[in-house]
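**Q** Pasting in a structure now, in structure tokens, and then I'll have a few things to ask.
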Amino acid sequence: MSTLPDPSAGAAVKAADRAHVFHSWSAQGLIDPPAVAGAEGAYFWDYDGNRYLDFSSQLVNTNIGHQHPKVVAAVQEQAGRLCTIAPGFAVDVRSEAARLVAGRTPGDLDKIFFTNGGAEAVENAVRMARLHTGRPKLLSAYRSYHGATAAAINLTGDPRRWPSDTASAGVVHFWGPYLYRSPFHATSEEEECARALAHLEDTIVFEGPRTIAAIILESVVGTAGILVPPAGYLAGVRELCDRHGIVFILDEVMSGFGRTGRWFAADHFGVTPDLLTFAKGVNSGYVPLGGVAISAEIAATFDRRPYPGGLTYSGHPLACASAVATINAMAEEGIVENAARLGEDVLGPGLRALAERHRSVGEVRGMGVFWALELVKDRATREPLVPYNAAGEAAAPMNAFAAACKKSGLWPFVNMNRTHVVPPCTLTEAEAREGLAILDEALTVADTHTV
Ligand code: PLP
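So for the sequence shown, the numbering used here puts the first residue at 33; every next one is plus one.
Structure representation (structure tokens):
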């Protein structure tokens with residue numbers, strides 16, 4: 033710990049937070065945010081001396097861990113040289129960040145439009161698709177998360193869209209594959225894949241192919257459950273898009289930059305979209321940054337016609353410097369390979385072993401450092417440990433599970449009836465085993481809520 037615990041300083045931080053900070057996604061009167069004093073690698077700690085193994089990577093963004101010295105130094109060096117410059121100028125650090133991102137994205141996604149985060153990347157990707165095709169509609173999957181701004185929250189396929197969003201036109205949702213709770217009553221991955229593609233094709237036909245600008249999907253669904261698509265699904269969507277002149281957008285804001293054990297999750301499936309959105313892992317969130325990687329064909333649409341988008345801070349030099357240092361460090365230190373190895377040798381087998389020991393675990397799924405344990409009350413019926421719309425009393429089992437993790441020094445990512453195991457890509461094997469041991473203990477608490 034580079035910052036010594038000081039409980040009185042922590043109390044002052046908390047008091048000022050409660051008085052003046054309006055927190056996202058929260059009922060302000062019902063929260064008690066922990067005060068964080070510092071962080072390093074896979075750990076962060078509070079002012080009372082509690083140290084947590086960060087199995088959430090914050091919001092699944094610290095792929096390179098906290099306070100990576102090369103990234104910290106790069107931001108400091110850039111701040112000393114050029115803190116800001118408008119997006120309209122060519123500047124070394126922005127060109128280099130774009131070159132490095134384009135070098136990692138699949139296929140001909142060689143032009144990079146920088147944003148300040150993931151939702152803004154999604155907003156711009158759908159605007160590019162609409163301008164490129166001249167069509168209005170957007171298709172996206174239920175059980176998805178694309179961000180909290182206007183178009184992005186409408187594309188998001190979960191119950192958090194707020195009532196006024198129903199006014200926004202042009203978004204149509206469809207069901208993606210999810211064998212454990214199959215919307216298609218399928219019993220095998222092959223069947224789920226075939227039925228999901230047939231359902232999507234029906235949706236396209238009934239909506240009118242020539243009205244659809246884009247289909248947007250997460251390559252591996254993140255927030256909504258770490259849903260790895262069956263072999264052939266993304267290739268099938270690619271084929272449907274090609275057949276109907278629809279732009280294919282893959283949202284890799286969460287799954288990109290090493291999380292799945294490859295630079296991008298699309299790499300596992302050999303699929304190249306027309307537009308790819310990224311953020312989070314591009315620089316581990318050290319400075320806000322995201323972007324859209326654009327195909328040659330769509331980029332050419334804007335060769336003679338202005339692209340109507342961009343913000344004051346797009347492609348900010350400090351953010352770009354952190355991206356350059358992050359991508360270089362990931363390559364030099366074999367961090368993507370580390371995530372792949374951890375998934376195959378430690379987390380995958382370790383989590384499956386937990387499922388054998390604990391009757392609250394209904395399913396284990398994932399890859400790399402991108403896993404979910406789906407917790408159930410009853411393995412036979414697959415009834416979720418917490419009903420999806422439950423609050424208060426009914427949420428207690430998952431709260432008790434999370435509290436047990438925290439008490440033993442692990443910070444979990446808990447969403448509805450799932451815990452996502454999403455540590456940094458830099459996690460060591462020893463840290464992974466430490467986390468698995470804590471999960472093992474905490475699952476005994478979840479087990480007490482099963483039938
Ligand atoms: N897209 C995906 C797949 C995400 O997981 C997220 C955030 O979790 C977003 C978009 C939105 O990113 P941001 O919160 O940076 O706006």
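C-beta atoms are modelled at their ideal positions from N, C-alpha and C, and glycine is treated no differently. No experiment lies behind these values; they were computed from the predicted model shown.
Would DSSP call Val158 helix, strand or coil?
**A** In the sequence shown, residue 158 corresponds to position 126, counting from 1. Looking at Val158 - three-state DSSP - the assignment turns out to be helix.
**Q** Leaving out five residues before and five after Ala423 in sequence, what residues of the same chain have Cβ atoms less than 6 Å from its Cβ?
**A** Taking the sequence shown and counting its residues from 1, one reaches residue 423 at position 391. Unreliable placement is indicated for Ala423, whose pLDDT of 47 sits below 50; no coordinate value is reported for it.
**Q** Using alpha carbons as the reference points, say which of Met160, Leu259 and Val279 lies closest to Ala450.
**A** Within the sequence shown, residue 450 is the residue found at index 418, counting from 1. For the sequence presented, residue 450 should be read as Arg rather than Ala. That would be Leu259, whose Cα lies nearest to the Cα of Arg450.
**Q** Skipping 5 residues on each side, what residues in its chain have a beta carbon closer than 7 Å to that of Gly149?
**A** Within the sequence shown, numbered from 1, the residue matching residue 149 stands at position 117. These residues qualify, in order along the chain: Ala311, Pro320 and Gly322.
**Q** Cutting at 8 Å between CB atoms, please list the residues of its own chain near Ala201, excluding the five before and the five after it.
**A** Against the sequence shown, residue 201 aligns to sequence position 169. Excluding sequence neighbours, Ala201 sits near Pro168.
**Q** Going by DSSP, which residues form a beta bridge with Ile12?
**A** For residue 12 there is no data in the structure shown, the boundaries of the chain being 33 and 483.
**Q** So what's Phe121 in DSSP terms, helix, strand or just coil?
**A** Against the sequence shown, residue 121 aligns to sequence position 89. Here Phe121 sits in coil by DSSP.
**Q** Quick check on the burial criterion: 16 or more other C-beta atoms within 10 angstroms. Buried or exposed for Arg113?
**A** If you number the sequence shown from 1, residue 113 lands on position 81. The residue in question, Arg113, is exposed, as its Cβ has fewer than 16 Cβ neighbours within 10 Å.
**Q** Leaving out five residues on either side along the sequence, give the residues of the same chain with a beta carbon under 7 Å from the beta carbon of Gly313.
**A** Walking along the sequence shown from the start, residue 313 turns up at place 281. If we look at Gly313 and ignore the five residues flanking it on each side, its Cβ neighbours are Asn93, Asn95, Gly288, Phe289, Gly290 and Arg291.
**Q** Does the Cβ-Cβ distance between Ala173 and Trp207 come in under 8 Å?
**A** Translated into the one-based positions of the sequence shown, residue 173 becomes position 141. Translated into the one-based positions of the sequence shown, residue 207 becomes position 175. The answer is yes: Cβ separation under 8 Å.
**Q** Please determine whether the Cβ atom of His178 lies at a distance below 7 Å from any heavy atom of ligand 1.
**A** Walking along the sequence shown from the start, residue 178 turns up at place 146. Checking the Cβ of His178 against ligand 1 gives yes.
**Q** Might you give, ordered along the chain, the residues of its own chain that have their beta carbon closer than 7 Å to the beta carbon of Asp479, omitting 5 neighbours on each side?
**A** In the sequence shown, counting from the first residue as 1, residue 479 sits at position 447. Apart from the 5 residues on each side of it in sequence, Asp479 sits with its Cβ closer than 7 Å to the Cβ of His390, Arg391 and Ser392 in its chain, given in chain order.
**Q** Should Pro305 be labelled buried (16 or more other beta-carbon atoms within 10 Å of its own) or exposed?
**A** By 1-based counting over the sequence shown, the position of residue 305 is 273. Burial call: buried.
**Q** Assuming Gly398 and Val408 are in contact, meaning their beta carbons sit under 8 Å apart, how far apart are those beta carbons, in whole angstroms?
**A** Within the sequence shown, the letter at position 366 stands for residue 398. Within the sequence shown, the letter at position 376 stands for residue 408. Contact flag wrong, Cβ pair sits at about 17 Å.
**Q** Since I believe Glu223 is in contact with Ala183 (beta carbons under 8 Å), could you give me their beta-carbon distance rounded to a whole number of angstroms?
**A** In the sequence shown, the residue the question calls residue 183 occupies position 151. In the sequence shown, the residue the question calls residue 223 occupies position 191. So it is not a contact: roughly 33 Å between Cβ atoms.
**Q** For ligand 1, any of its heavy atoms closer than 7 Å to the Cβ of Gly254?
**A** In the sequence shown, residue 254 corresponds to position 222, counting from 1. Correct: Gly254 has its Cβ closer than 7 Å to ligand 1.
**Q** Going along the chain, which residues of its own chain have a beta-carbon closer than 8 Å to the beta-carbon of Ile470, five neighbours each way excluded?
**A** What you label residue 470 is simply residue 438 of the sequence shown in a count that begins at 1. Here the set comprises Leu85, Cys437, Ser440, Gly441 and Leu442.
**Q** Identify which residue in Arg227, Ala245 and Ala267 has its Cα closest to the Cα of His276.
**A** Start at 1 with the first residue of the sequence shown, and residue 276 comes out as number 244. Cα-wise, what sits closest to His276 is Ala245.
**Q** Entirely within the segment 390-470 and at least 3 residues each: give me those beta strand (DSSP E) ranges in chain order.
**A** 393-399, 402-410, 445-447 and 450-453
**Q** Looking at ligand 1, does it come within less than 7 Å of Gly290, judged from the CB to the closest heavy atom?
**A** As a working mapping, residue 290 is identified with position 258 in the sequence shown. Within 7 Å of the C-beta of Gly290 there is not a single heavy atom belonging to ligand 1.
**Q** Relative to ligand 1, is the shortest distance from any of its heavy atoms to the C-beta of Ile393 smaller than 7 Å?
**A** In the sequence shown, the residue the question calls residue 393 occupies position 361. The displayed chain sequence assigns Val, not Ile, to residue 393. No; taking the cut-off as 7 Å, the Cβ of Val393 has no heavy atom of ligand 1 nearer than that.
**Q** Along the chain, where does the alpha helix (DSSP H) containing Val324 start, and where does it finish?
**A** Numbered from its first residue, the sequence shown carries residue 324 at position 292. Segment Gly322 to Ile326 is the beta strand (DSSP E) holding Val324; no alpha helix (DSSP H) there.
**Q** By Cβ distance below 8 Å, which residues in the same chain neighbour Val75 in space, the five residues on each side in sequence not counted?
**A** Sequence index remark: in the sequence shown, residue 75 carries index 43 (1-based). The sequence as given places Tyr at residue 75; Val does not occur at that position. For Tyr75, where only same-chain residues beyond five positions count, the Cβ hits under 8 Å are Arg83, Tyr84, Leu85, Asp86 and His98.
**Q** Is Val285 near ligand 1, with its Cβ less than 7 Å from a heavy atom?
**A** Position 253 of the sequence shown, counted from the first residue, corresponds to residue 285. Checking every heavy atom of ligand 1 against the Cβ of Val285, one is found closer than 7 Å.
**Q** Does the distance from the C-beta atom of Gly189 to that of Leu229 stay below 8 Å?
**A** The residue given as residue 189 occupies position 157 in the sequence shown. The residue given as residue 229 occupies position 197 in the sequence shown. At least 8 Å separates the beta-carbon of Gly189 from that of Leu229.
**Q** Tell me the rounded alpha-carbon separation between Asn421 and Gln110.
**A** Indexing the sequence shown from 1 puts residue 421 at position 389. Indexing the sequence shown from 1 puts residue 110 at position 78. Per-residue confidence for Asn421 stands at a pLDDT of 42, beneath the threshold of 50, marking its modelled position as unreliable; no derived number is given.
**Q** Apart from the five residues on each side of it in sequence, which residues of its chain come closer than 6 Å, Cβ to Cβ, to Ala371?
**A** As a first step, residue 371 must be located in the sequence shown, where it is residue number 339. Here the set comprises Gly290, Gly293, Gly400, Val401 and Cys457.
**Q** Taking the alpha helix (DSSP H) that Phe229 falls in, what are its first and last residues?
**A** If you number the sequence shown from 1, residue 229 lands on position 197. Contrary to the premise, residue 229 reads as Leu rather than Phe in this sequence. Leu229 -> alpha helix (DSSP H) spans Glu221 to Glu239.
**Q** Are Ile248 and Cys273 close, meaning C-beta to C-beta below 8 Å?
**A** Translated into positions along the sequence shown, residue 248 becomes position 216. Translated into positions along the sequence shown, residue 273 becomes position 241. Their beta carbons are not under 8 Å apart, which means Ile248 does not touch Cys273 by this criterion.
**Q** Contact defined as beta carbons within less than 8 Å: I believe Pro37 pairs with Ala69. What is the distance between those atoms, to the nearest angstrom?
**A** Position 5 of the sequence shown holds residue 37. Position 37 of the sequence shown holds residue 69. With a Cβ gap of about 6 Å, Pro37 and Ala69 count as contacting.
**Q** Taking 7 Å as the cut-off, does the CB of Leu91 come closer than this to any heavy atom belonging to ligand 1?
**A** In the sequence shown, counting from the first residue as 1, residue 91 sits at position 59. At least one heavy atom of ligand 1 is nearer than 7 Å to the Cβ of Leu91, so yes.
**Q** Which word fits Ala297, buried or exposed, when buried means at least 16 other C-beta atoms lie within 10 angstroms of its C-beta?
**A** As a working note, residue 297 is residue 265 in the sequence shown. The residue is buried, with at least 16 neighbouring Cβ atoms inside 10 Å.
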